[in-house]
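Participant: One structure coming up, written as structure tokens, with questions to follow.
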Amino acid sequence: MLDLSDVSADPARQENITRILDSAEKLFRHYGYSKTTVADIARDLGMSTANIYRFFASKTEIHQAVCGRMLAQSYKMAYDIRHLPISAADRLRNYVHAQYKMTLETMLDEQKVHEMVIVAIERDWH
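Below, the structure is given as structure tokens:
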């Protein structure tokens, strides 16, 4: 699995990882997880497949990182709402509304993203 302690130490490495994840997410959303290969991601970035494997051991690891980024966005949203200077009831209302909107935009409106979630569930990722 991707060692995040190495990532923050090297800005060039972080930039490459971000580019790979951005490309993978774009291709997963367009073609679906099953139909996207590591070679497709490399081609989209104009780099070799071997170079992708310098950063990620497998397509599964790329998928986990993409899902992790999506989950991190959800956590950040919850954290930000938690710290709003409003009542607990209003924070809860804001969170439920924001989570609903995020779910609609990223899960239900995009069937290919739904496929990524199903793959993650089937593989019992924690």
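Residues 44 to 169 in the numbering used here are what the sequence shown lists, from first letter to last. Every residue gets a Cβ at the ideal spot worked out from N, C-alpha and C, and that includes glycine. From a predicted model like this one, the values you see are computed outputs, not experimental measurements.
Whole angstroms are fine: how far does the CA of E104 sit from the CA of R57?
Facilitator: The identity of residue 57 in the sequence shown is Gln, whereas the question assumes Arg. Each residue's Cα considered, the two are about 16 Å apart.
Participant: With a cut-off of 8 Å, do at least 3 Cβ pairs link the segment 55-70 to the segment 92-112?
Facilitator: Taking 8 Å as the limit for Cβ pairs, the verdict is that the segment 92-112 does touch the segment 55-70.
Participant: State the Cα-Cα distance for the pair N59 and Q116, rounded to the nearest angstrom.
Facilitator: Computed Cα separation, rounded: 20 Å.
Participant: Excluding the 5 residues preceding and the 5 following M120 in the sequence, name in chain order all residues of the same chain whose CB lies nearer than 8 Å to its CB.
Facilitator: Closer than 8 Å at the Cβ level, and outside the excluded window around M120, lie Y138, A141, Q142 and M145.
Participant: For D87, which of H73, S77 and T149 has the nearest alpha-carbon?
Facilitator: Out of H73, S77 and T149, H73 has the C-alpha closest to the C-alpha of D87.
Participant: Would you tell me roughly how many angstroms separate the C-alpha atoms of T80 and M113, rounded to the nearest one?
Facilitator: C-alpha separation (whole angstroms): 20 Å.
Participant: Are there 16 or more other CB atoms within 10 angstroms of the CB of I124, so buried, or fewer, so exposed?
Facilitator: The residue is buried, with at least 16 neighbouring Cβ atoms inside 10 Å.
Participant: Given a threshold of 16 other Cβ atoms within 10 Å of its Cβ, counted over all protein chains shown, does I63 qualify as buried or as exposed?
Facilitator: Flag for I63 reads buried.
Participant: Rounded to the nearest angstrom, what separates Y96 and I84 at their Cα positions?
Facilitator: When rounded, the distance between both Cα atoms is 11 Å.
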